[in-house]
Amino acid sequence: MGTFRYVGRHRELALLMTAVRQPPAVVLIEGEAGIGKSRLVGEVTAALRAEHRPVLTGFCQPLREPFPYGPVSDALTKAGPWLPEDGLPDAAGALARLLPGLADRLPPAPEETGGEQAERLRLLHGVRALLAALGPTVLIVEDLHWVDEATRDLLLLLARDPPDGLTLVLTYRAEDLRPDTSVLGAAYRHPAGAGGAVIRLGPLTADEVGELAAAALGPDATPALASALYARSEGLPLVAEEDLLTLAEQGGTADQREAVHRLRDTDVPKGLREAVTERLAGLSPAGAAIVDAAAVLAVPSDEALLAAVAGLDPEAGTDGLVEALRSSLLHETEDHRYAFRHVLAQQVAYRHVPAPRRTRLHRSAVAALQDLTPAPLVQIAHHTLALGDRAAWLRRAEEAADQAAAVGDRGTAAVLLHRILDEPALDTERRSRAATALARIAYNGVDFAAGARLLRRLVEDPHLPTALRGEIRLGLGLLLLNEADSPSWVHELERAVDELSERPVTAGRAMLALALDERAGPDRSARWMDRARQTLDGSGDEALRAAYEATRLTLLSWQGDGGVWDLVDRLPREADSPAATWQTARALHNVAEAAIALGQDTRAATLVAESREQGRRAGAVVVECYGRVLALALDTLGGRWDGLEGRFDALVSAYPDIGVPLTERLLAVGTIAAARGRGDLARDRFAEAVRHGARQIAISTQLRGTAGLMSVLLAQGATQEAWAAAEPALAVLRRARAWTKATGLVPLAVETALAREDRASARQLVEEAHAGLLGREAPAAGAELRVARGLLALDADPAGAAEDFAAARRGWLDIGRPYEAARAAERQGGALALAGTPDEAAALVAAAVGTYTALGAQADVSRCGRLTRDLGLGRPATPGRRGYGDRLSPRERQVAELLADGATNQAIADTLYLSTRTVENHVASVLRKLRTTRKAVAEALGESDT
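Take the sequence shown: its letter number 345 is residue 580 in my numbering, and every next letter is one higher.
Structure below.
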């Protein structure tokens, strides 16, 4: 009969067409079996291919043989016609192993260094590079309810940050997803700036079924027949189409009453069953044998395999296959294999095969598949299980899982390992092997929530040996720690230590992780380090020794211990052991991060470069990523703000499955936004950073975010709100006794306490900070303490306060942080004005304004202007007010720049310390001079500068 006419779903088709024409976009298409998901996608595919647009389609299969990221690999294999002849990015070379048919057109494969995370990042960058080279492209992956975990992780990373020209279309059956899971997992959020939709397909209406019947049967499709079709199918297109195929094969519908009676005589599932079985009954023996073989094989298969399983010679096999195709029971796939039109039809045909014949066919399938090279072990295991031989199935399934792991297909391996562990009365040795392999897969996945659920399930298995449970629990604890999920990581690691009494070296790893819990305070860290040391002395394990030394250096650097630098210099830079190289990289990174908090920025930059080099030697992707984060943090502190947000965006795109760049970006964007007068944006970013930081074991992010949030709140006059933000952060600081870390919290908390007339709290905080810094090398915290002292002394002793601010300024200049130095200079100028030395005060404020102007810190420039007015620091006399004609005045330019950033009139008034009425006048003047609207100010301002 050919393809049925497309009916209904016009809104859904329009949504999908809009998404594919306006990339980037992510479209999720949900619907039950037979509802028409593939047909909807097929309509769009046909339209785009007619325009010669790249459309790449892959399918998830329930019995896919091991191949890494199989559905995506299948889709990308079809990209050949659109590949440019040259100029493919080097990153695309990472796909050579996955796309052997295109390998000769790809750049050389990069060196395979690092572990699974490094390989996944290379692959992701390769996929993105290839898709970008194709131009606007649609990548379709069908039947995601059958997706393996590795492929889902890859699609999750693509969906969270799709390339500019990509539309990602995913189809799935919601009822077949795992309970309480979404199609891409809990980690998926629709990406900002990307189009797309969630399209949920429902049944066809009665009129649409009638339209379908009219297109298929012409005048024979009477209203009564259409009504019967609809009642029987309940709007499910697959059932209606199968009935129409049967009616057409019967040579017409002249006897309308008989046809209507027959259609109305069966219910929906029985209707499909009868529609398929009626066509099965009309097949010749050869045709029936081929269809039975296809039903048992359950995957698209070639002609030779179908004939072998059916027990037919080649000629009879060809005849039977042709008949099955003509009856529309089977169809030819894009890769010249043969399968049922739909899984529901395959299930009907499978049940139609008598049980004894099914058994013989499964046995024939095992024999035929074993003769293939390589043998499809997943399919062989499936047929072995169908034969009822569970012992043989376990053996075959484990072989298939090993094969999948060997070729890098951890998704298929995970599916098989899950099924093995679900087996009752599984022997301990096999259970241990499967659990260990599955735990490794869970720990290295992208969807951390799914990984944590799986690991929890494994550790709750009462049949696992205690030591193995402890090892898996260690992985769970480290996963929870690294993903900052909840404080439960401490509980899991403590239990792991107890369960690992027979494996002291592994228990030592858990102890060292517990020692890094900064929130618990240094005393608890010291106790865990003592236990780890005792374990090390008893084992002599060199890998544990390297880990112990790296952790010890980390803790010493947190404390501002001056002796740490000599120890860092003695770290082995040319270690032969990969474990020792990794620990050197880890130690260098951790100490570099601490050096930034201490105010040793020059030394930190050197350590960052060294840690990245060691990380590359060890193949540690995370060290390279974290090192680039620290380099950008130094850019933020060093006032290198031009293009900083773009550099962060590039880093986030390069490492989409690592969350640290996103958190540091929040702090950087908040800092710059606050300085440039975008208080609401700064407030949002700092508040989000606080939420992220509160879940981390290190406290710096939470405290830095809190300090930034308080600075915005104080500028907005929200003193009580600022103090409410400070209190939980101060409690964290005091418990951790992390006085050596400069986070901005101490001076901001002192300023806030004084603003609310709480000098006692301000004085107590200064005394605590002073005591915490005695004997420590922490120049940045020392500069913050001088600012806090100056604030405390300002009212009673402005000259003394000026000396404190001057010391802070010198400290910040020595460290290399111009913005903080300018803030100290501004404070020093204000103190000197109060002390009666206006000329020196004016020079300091002018110097601060110069720095602020260079940084684009318009809010700070405006605050200095108000300070100058309030303290009577005069400006040089001018001959009169300058006229600007149609050009923007300096004040109008300030207003225009804030408008271009999206600031409201009230926000502009707060930033520039003007009345809202004055701002309204300036806004009107800006719009008149630029001949533009408020929404187009940014573009007009750019044109006026050229």
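In this text, a Cβ means the ideal position worked out from N, Cα and C, and glycines have one as well.
> Buried or exposed: where does alanine 569 fall if 16 or more other Cβ atoms within 10 Å of its Cβ makes it buried?
Replying inline: Looking at the sequence shown, residue 569 is not alanine but glutamate. The residue is exposed, with fewer than 16 neighbouring Cβ atoms inside 10 Å.
> Around the C-beta of glycine 798, are 16 or more other C-beta atoms found within 10 angstroms, so that it is buried, or is it exposed?
Replying inline: Residue burial annotation: glycine 798 is exposed, with fewer than 16 other C-beta atoms found within 10 angstroms of its C-beta.
>> If I measure Cβ to Cβ from lysine 313 and keep anything under 6 Å in the same chain, skipping five residues before and after, which residues do I get?
In response: So the list reads Leu291, once near-sequence residues are dropped.
> Using the rule of at least 16 other Cβ atoms within 10 Å of the residue's Cβ for burial, across every protein chain shown, is lysine 1170 buried or exposed?
Replying inline: Residue environment: lysine 1170 is assigned as exposed (fewer than 16 neighbouring CB atoms within 10 Å of its CB, all protein chains considered).
>> The beta strand (DSSP E) that contains leucine 902, what's its start and end?
In response: Element bounds for leucine 902: not the beta strand (DSSP E) but the alpha helix (DSSP H), 895-910.
> The beta strand (DSSP E) spanning glutamate 347 covers which residue range?
Replying inline: Under the DSSP assignment, glutamate 347 falls outside any beta strand (DSSP E); it carries neither an H nor an E label.
>> Are the CB atoms of proline 303 and glycine 705 within a distance shorter than 7 Å?
In response: It is not a contact, given that the beta carbons lie outside the stated cut-off.
> Going by other Cβ atoms of all chains shown within 10 Å of its Cβ, with 16 needed for buried, is threonine 619 buried or exposed?
Replying inline: Counting every other CB atom within 10 Å of its CB across the protein chains shown gives threonine 619 a total of 16 or more, marking it as buried.
>> Can you tell me whether glutamate 265 is helix, strand or coil according to DSSP?
In response: DSSP, reduced to helix, strand and coil, places glutamate 265 within a strand of the structure shown.
> Can the beta-carbon of glycine 243 be found closer than 7 Å to that of glutamate 443?
Replying inline: Yes, the Cβ-Cβ distance between glycine 243 and glutamate 443 is below 7 Å.
> Which residue or residues does DSSP assign as beta-bridge partners of leucine 291?
Replying inline: Beta-bridge partners assigned by DSSP to leucine 291: Leu374.
>> Checking the sheet assignment: what are the DSSP bridge partners for tyrosine 407?
In response: The bridge partners DSSP lists for tyrosine 407 are Glu265.
>> Could you tell me which whole alpha helix (DSSP H) segments of length 4 or greater appear in the region 631-679?
In response: Fully enclosed alpha helix (DSSP H) runs of 4 or longer: 645-656 and 663-678.
> Which residues bound the alpha helix (DSSP H) around valine 1154?
Replying inline: Here the alpha helix (DSSP H) through valine 1154 covers 1151-1165.
>> Assuming contact is defined by CB atoms lying nearer than 7 Å, are serine 846 and leucine 872 in contact in what I supplied?
In response: No.
> At which residues does the beta strand (DSSP E) containing glycine 431 begin and terminate?
Replying inline: If you look at glycine 431, you'll find it in the beta strand (DSSP E) that goes 430-435.
>> Starting from leucine 1008, trace the alpha helix (DSSP H) in both directions and tell me its first and last residue.
In response: Where leucine 1008 is concerned, the enclosing alpha helix (DSSP H) stretches over 994-1008.
> Would DSSP call alanine 260 helix, strand or coil?
Replying inline: Looking at alanine 260 - three-state DSSP - the assignment turns out to be strand.
>> According to DSSP, serine 536 sits in a beta bridge with which residue or residues?
In response: Its beta-bridge partners are Tyr573.
> Would you report the Cα separation of glycine 1189 and leucine 948, rounded to the nearest angstrom?
Replying inline: Given that the chain is displayed from residue 236 to residue 1181, the structure contains no residue 1189 and the question cannot be resolved.
>> Once DSSP output is grouped into helix, strand and coil, what is the label at alanine 1173?
In response: The answer is helix: DSSP assigns alanine 1173 an H, G or I state.
> Which stretch, first to last residue, makes up the beta strand (DSSP E) that contains leucine 565?
Replying inline: Note, leucine 565: beta strand (DSSP E), 565-567.
> Which residues mark the beginning and the end of the alpha helix (DSSP H) in which serine 562 is found?
Replying inline: Neither: serine 562 is in no alpha helix (DSSP H) and is coded neither H nor E.
> Beta carbon of valine 895, beta carbon of alanine 353: below 7 Å?
Replying inline: For the pair valine 895 and alanine 353, the CB atoms are not nearer than the 7 Å cut-off.
>> Quick check on the burial criterion: 16 or more other C-beta atoms within 10 angstroms. Buried or exposed for arginine 284?
In response: Classification for arginine 284: exposed.
>> Could you check whether aspartate 399 and proline 289 sit closer than 7 Å to each other, using their CB atoms as the reference points?
In response: Their beta carbons are not under 7 Å apart, which means proline 289 does not touch aspartate 399 by this criterion.
> Between leucine 186 and histidine 587, is the Cβ-Cβ spacing less than 7 Å?
Replying inline: Only positions 236 to 1181 of the chain appear in this structure, which leaves residue 186 out of reach.
> In three-state terms, what does DSSP make of leucine 1134?
Replying inline: Under the three-state reduction of DSSP, leucine 1134 is assigned to helix.
> Any idea if histidine 617 is buried or exposed, counting beta-carbon neighbours within 10 angstroms, 16 or more meaning buried?
Replying inline: By the 10 Å Cβ count, histidine 617 comes out buried.
> Is arginine 595 near serine 536, with beta carbons less than 7 Å apart?
Replying inline: Against a cut-off of 7 Å, the Cβ pair of serine 536 and arginine 595 comes out as no contact.
> Quick one: Cα of arginine 1062 to Cα of glutamate 1019, how far?
Replying inline: Between the C-alpha atoms of arginine 1062 and glutamate 1019 there is a straight-line separation of about 13 Å.
> For alanine 748 versus valine 732, is the C-beta spacing smaller than 7 Å?
Replying inline: Not in contact: alanine 748 and valine 732 (Cβ atoms no closer than 7 Å).
>> So, at 6 Å on beta carbons, what are the nonlocal neighbours of alanine 1056 in its own chain, with the 5 sequence-adjacent residues on each side left out?
In response: These residues qualify, in order along the chain: Arg1044, Trp1047 and Leu1048.
>> Which of the three DSSP states is assigned to threonine 457 in this structure?
In response: Threonine 457 falls in the coil class under three-state DSSP.
> Using the C-alpha atoms, what's the distance from alanine 910 back to glycine 1091?
Replying inline: Looking at the backbone, the Cα of glycine 1091 and that of alanine 910 are separated by about 8 Å.
>> Spatial neighbours of cysteine 1099 within its chain, please: C-beta separation below 8 Å, excluding the five flanking residues on both sides.
In response: Here the set comprises Glu1061, Val1080, Ala1083, Val1084 and Tyr1087.
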